[in-house]
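Take a look at the structure below.
Numbering (our numbering), first residue to last: 5 to 130.
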């Protein structure tokens, strides 16, 4: 079973407290999609990819802001912030994939170079 990152756990708890712990003016919004996207970005290692780190942080902040707007009763602004948070998290995911693909391509290129070098050495030795 995978361990849930502490920051995500705190964010989910805070989200729940904001959504349910405030007075009657709070509105219900769907935070599942941005929360899932943030979790996926974290699991892919977006925090370790310089290009993705900013968008992961923006997604987390957007989720918190969206839940705060929901708690204050501003559904339109809450949904806007949550949609933006999801988009930022999805961009962090894409950038993480790009970095991973680039690393894989570089490793494959190194293997090809090594095989060519070995092949040239064996051809010259005959």
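By construction, the Cβ of each residue, glycine as well, lies at the ideal position given by its N, Cα and C atoms.
Contact check, residue 96 vs residue 37, beta carbons under 8 Å:
No, the pair does not count as a contact, with Cβ atoms beyond the cut-off.
For residue 90, which residues in the same chain have their Cβ closer than 6 Å to its Cβ, ignoring the five residues on either side in sequence?
If the five residues before and after residue 90 are omitted, its C-beta is found closer than 6 Å to the C-beta atoms of 37, 38 and 41, all from its own chain and listed in chain order.
So which of 81, 59, 43 and 120 has the shortest CA-CA distance to residue 31?
Nearest to residue 31 by C-alpha distance, out of 81, 59, 43 and 120, is 81.
Just mark residue 92 as buried or exposed, buried being the case when its beta carbon has 16 or more other beta carbons within 10 Å.
When all chains shown are included, residue 92 counts as buried.
Cβ shell of residue 68 (< 6 Å), same chain only, five flanking positions each side left out
So no residue of the chain qualifies.
Could you tell me the boundaries of the alpha helix (DSSP H) in which residue 45 lies?
Residue 45 -> alpha helix (DSSP H) spans 36–47.
Mapping DSSP to helix, strand and coil, what is residue 127?
DSSP places residue 127 in the helix class (H, G or I) of the three-state scheme.
So residue 35 and residue 70 are in contact, right, with Cβ under 8 Å, and what is the actual spacing, rounded?
For a cut-off of 8 Å, the C-beta gap from residue 35 to residue 70 is around 7 Å, short enough to register as a contact.
Consult DSSP for residue 77 and reduce its assignment to one of helix, strand or coil.
Judged by DSSP in its simplified three-state form, residue 77 adopts coil rather than helix or strand.
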